[in-house]
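Enquirer:
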DNA sequence: TCATCAATTTGACAGTCATCGAAATATCAA
DNA sequence: TTGATATTTCGATGACTGTCAAATTGATGA
């Protein structure tokens, strides 16, 4: 795994709210932003920001369908990250 | 693993330099601050700061011997952290 | 005792970042 | 077309944080 991505992931996980978001995405096969906002008290702007960070880190894949954004965890990347950490 | 500790660890790992420090500690059974400063370009103040963060997160144990501070990785905590992440 | 060395503390600074309101964009449904 | 809804972008703000110099503490050995 690339150093750059490794660092992005570490940073992405450092914010509790962002980790919470990632958790909820991981708990389902896919999750929509609009559903996230039903569950978490967060402004659209902030959610959009966090989603971008998670996507940028390669942790999630974003799919746009009509007006809705669907997100899902990239298990492969997640596994790679864990493997990298396990080397410590 | 406690949520508080989990978050502290995630934050501790988010800074590249701090992760580098942790890596170097993990690579040996034990490492002294004075040796760290031979290897890494870092001021005493900054190193002291990072060591405190890592210790606060429970990631390392600090032992004082004479004028020197020796650090070592807490493998147990590290394992717990990985296990927690793996649940995602 | 005194000079030296490791480490910590303090204070300050610069840069980063989470947050949100408001405006803009995009898409759907009527 | 028009009104409604989902999301993004922009701008601002307040809080956090990594960094280090300087002063301090603590311990050693000469």
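Chains as they are written, first to last, in the numbering used here: chain C, 29 to 116; chain Y, 29 to 116. Note that beta-carbon positions come from the ideal geometry of N, C-alpha and C, so glycine has one too.
1) Starting from the Cα of residue 77 of chain Y, find the closest Cα among Y:43, Y:115, Y:108 and Y:30 and give me that residue.
2) Within the 7 Å Cβ cut-off, does residue 82 of chain C reach chain Y?
3) What is the C-beta distance between residue 89 of chain C and residue 100 of chain C, in whole angstroms, given that I count them as a contact (C-beta under 8 Å)?
4) Where DSSP assigns a beta bridge to residue 59 of chain C, which residues make up the other side?
5) At 7 Å on the CB atoms, spell out the chain C contacts of residue 113 of chain Y, in chain order.
6) State the Cα-Cα distance for the pair residue 84 of chain Y and residue 95 of chain C, rounded to the nearest angstrom.
7) Compare the Cα-Cα distances from residue 107 of chain Y to each of C:116, C:105 and C:82 and report the closest residue.
8) Note down, in chain order, each residue of its chain lying with its Cβ closer than 7 Å to the Cβ of residue 81 of chain Y, except the 5 sequence neighbours on either side.
9) Taking only three categories from DSSP, how would you classify residue 115 of chain Y?
Expert: This is what the structure gives:
1) Y:43
2) no
3) 5 Å
4) C:99
5) 110
6) 44 Å
7) C:116
8) 40 and 46
9) coil
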